[in-house]
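Peer 1: For the sequence shown, numbering that gives the first Met the number 0 gives the first residue as 0, with consecutive numbering after it.
Even for Gly, the Cβ is constructed at its ideal location relative to N, Cα and C.
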Amino acid sequence: MNIYHITPLKVWRKALESGSYDADSLKTDGFIHCCKKGQTQGVLKEWFRGESDLVLLEIDPTLLSAEVKYEDSHGTGELFPHIYGPLNLDAVVGVTICA
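1) Residue range of the alpha helix (DSSP H) that Glu-16 falls in?
2) Rounded to a whole number of angstroms, what is the C-alpha to C-alpha distance between Tyr-69 and Leu-53?
3) Would you call Val-92 buried or exposed, if buried means 16 or more other Cβ atoms sit within 10 Å of its Cβ?
4) List the whole-angstrom C-beta distance separating Tyr-3 from Glu-57, where the pair is believed to meet the contact cut-off of C-beta under 8 Å.
5) Going by C-alpha distance, which of Lys-44, Ser-72, Leu-88, Trp-11 is nearest Phe-30?
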């Protein structure tokens, strides 16, 4: 099952130019926040309200170089995938503009 990560388009473009993607949360939280497909709308509403020019990265976890852990980071019992390391770009199998 693929996982998803939301990021500003300008950040994704920079990653494509540099060849690597390190989300700010990798430095602050120790992992890259992701979600399952059914969680994307809730994540957009909760964490990206009012933001524009966002992209949804579809990631194949079997292609990741870093470990993925499913964790309850908000104490709600809902598990979210977290990538514990940089996101290797070849694991991104789809990019969609968020409407």
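Peer 2: Here's the rundown:
1) The sequence position of residue 16 within the sequence shown is 17, counting from 1. Here the alpha helix (DSSP H) through Glu-16 covers 8–17.
2) For this step, residue 69 is matched to residue 70 along the sequence shown. For this step, residue 53 is matched to residue 54 along the sequence shown. Near 24 Å, if we compare the C-alpha coordinates of Leu-53 and Tyr-69.
3) Within the sequence shown, numbered from 1, the residue matching residue 92 stands at position 93. Sixteen is the threshold: since fewer than 16 other Cβ atoms of the shown chains lie within 10 Å of the Cβ of Val-92, the residue is exposed.
4) To locate residue 3, count along the sequence shown from 1; it is residue 4. To locate residue 57, count along the sequence shown from 1; it is residue 58. Tyr-3 to Glu-57, Cβ: 6 Å. Contact.
5) By 1-based counting over the sequence shown, the position of residue 30 is 31. Checking every option, the nearest Cα to that of Phe-30 belongs to Ser-72.
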